[in-house]
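Per the UniProt record's numbering, the sequence shown starts with residue 1, numbered consecutively.
Encoded as structure tokens, the structure appears first; notes follow it.
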Amino acid sequence: MMGAMAESRRAPRSRMTGVQRRAQLLDVSRTLFAEKGFEGTSVEEIAARAEVSKPVVYEHFGGKEGVYAVVVDREVQGLTGALTGALEGGGHPKVLVERTALALLSYIEANEAGFRILVRDSPVAQATGTFSSLIGDVATQVEHLLADEFRKQGQDPKTAPMYAQMLVGMVALTGQWWLDARRPGKSEVAAHLVNLAWNGLQGLERRPSLTKVTAGEATAGQAEPAPVRRRSVDVE
Numbered sequence: 001m002m003g004a005m006a007e008s009r010r011a012p013r014s015r016m017t018g019v020q021r022r023a024q025l026l027d028v029s030r031t032l033f034a035e036k037g038f039e040g041t042s043v044e045e046i047a048a049r050a051e052v053s054k055p056v057v058y059e060h061f062g063g064k065e066g067v068y069a070v071v072v073d074r075e076v077q078g079l080t081g082a083l084t085g086a087l088e089g090g091g092h093p094k095v096l097v098e099r100t101a102l103a104l105l106s107y108i109e110a111n112e113a114g115f116r117i118l119v120r121d122s123p124v125a126q127a128t129g130t131f132s133s134l135i136g137d138v139a140t141q142v143e144h145l146l147a148d149e150f151r152k153q154g155q156d157p158k159t160a161p162m163y164a165q166m167l168v169g170m171v172a173l174t175g176q177w178w179l180d181a182r183r184p185g186k187s188e189v190a191a192h193l194v195n196l197a198w199n200g201l202q203g204l205e206r207r208p209s210l211t212k213v214t215a216g217e218a219t220a221g222q223a224e225p226a227p228v229r230r231r232s233v234d235v236e
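Rendered as structure tokens:
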């Protein structure tokens, strides 16, 4: 009797608006996708975590694929804005590399769950944009910067797309490693990234070649060093 009276005195739970419910479902889904991935997450789990019925999820997003697409799109837009923003405003190419590396690490630090979703593979992500396609877009922007610098230094600008992929790929993979490692701090990691990338660019040869290896030497694990080229390109 008293329990029933106490229950009746409880204030009714406020009802969310459609916008609020959609935002809640996105937040809940983002957490679950980061923890379990797309395949490991179900509509039942999303509904249970949000304390709603399954039809509410279907009403807002049409299903798991729909909510996943929206979650991924938001993360892609956020990371794209961070990386492209780092490349805007001009400046010395080395400074731009520093900005980009630090922007990625800062995004990871502030959006761990979102970054985990981006680097996971999912068939649905192919239609909504993936981490690899995002990194490809950034590499295209870096390509133009490198091409201009290569022209100034007498390096073949046609190689800029290849070097841009290498440079951005190195930053991206380091970011994925740092997602779990978190040591050293982001500023130190960015400094080491730029140290490796920039010092590598400073020593570019105009016509690089592989070390010559004969069939017998390849079996024995021995190699004949290629002739040393004294001339290098300094990227100032």
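Ideal placement from N, C-alpha and C gives every residue a C-beta, glycine not left out.
Bear in mind that the values here come from a model prediction, so they are computed numbers and not experimental data.
Supposed contact pair residue j and residue i - C-beta distance, whole angstroms, cut 8 Å
i: ARG22; j: VAL71; result: ARG22 to VAL71, Cβ: 12 Å. No contact.
i: ALA86; j: ARG99; result: 4 Å
i: LEU193; j: THR211; result: The pair is not a contact, with the Cβ atoms about 26 Å apart (cut-off 8 Å).
i: ILE46; j: VAL28; result: 6 Å
i: PRO184; j: GLU149; result: Not quite, the Cβ-Cβ distance comes to about 29 Å (not below 8 Å), so this is no contact.
i: GLY37; j: ARG120; result: 5 Å
i: GLY78; j: ASN111; result: 7 Å
Within 8 Å, strictly: CB atoms of residue i and residue j
i: ALA101; j: ALA82; result: no
i: LEU32; j: VAL76; result: no
i: LEU105; j: TRP178; result: yes
i: ALA139; j: ALA147; result: no
i: VAL52; j: VAL43; result: no
i: VAL142; j: ALA164; result: yes
Distance between residue j and residue i (C-alpha atoms, nearest Å)
i: PRO55; j: THR130; result: 28 Å
i: ARG207; j: ARG151; result: 15 Å
i: GLY203; j: ALA34; result: 40 Å
i: ASN195; j: SER14; result: 55 Å
i: ILE117; j: ARG49; result: 18 Å
i: VAL171; j: ARG74; result: 22 Å
i: GLU59; j: GLN24; result: 14 Å
Spatially closest choice to residue i from the options, by CA coordinates
i: GLU88; options: VAL168, ALA172, GLY114, LEU145; result: LEU145
i: GLY136; options: LEU167, THR159, ILE117, SER106; result: LEU167
i: PHE61; options: LEU26, PRO161, VAL189, SER106; result: LEU26
i: ILE108; options: ARG182, ARG15, SER53; result: ARG182
i: ALA68; options: THR41, VAL52, PRO161, HIS92; result: Position check: residue 68 holds Tyr in this sequence, whereas Ala was assumed. Checked all of THR41, VAL52, PRO161, HIS92; the closest Cα to TYR68 is THR41.
i: GLY169; options: ALA191, ALA197, LYS158; result: ALA197
i: GLY200; options: VAL97, ALA172, GLY66, GLY90; result: VAL97
i: PHE115; options: ASP156, ASP180, GLY90; result: ASP180
i: SER132; options: THR80, VAL95, LYS158, SER209; result: THR80
i: VAL95; options: SER209, ALA191, GLY63; result: ALA191
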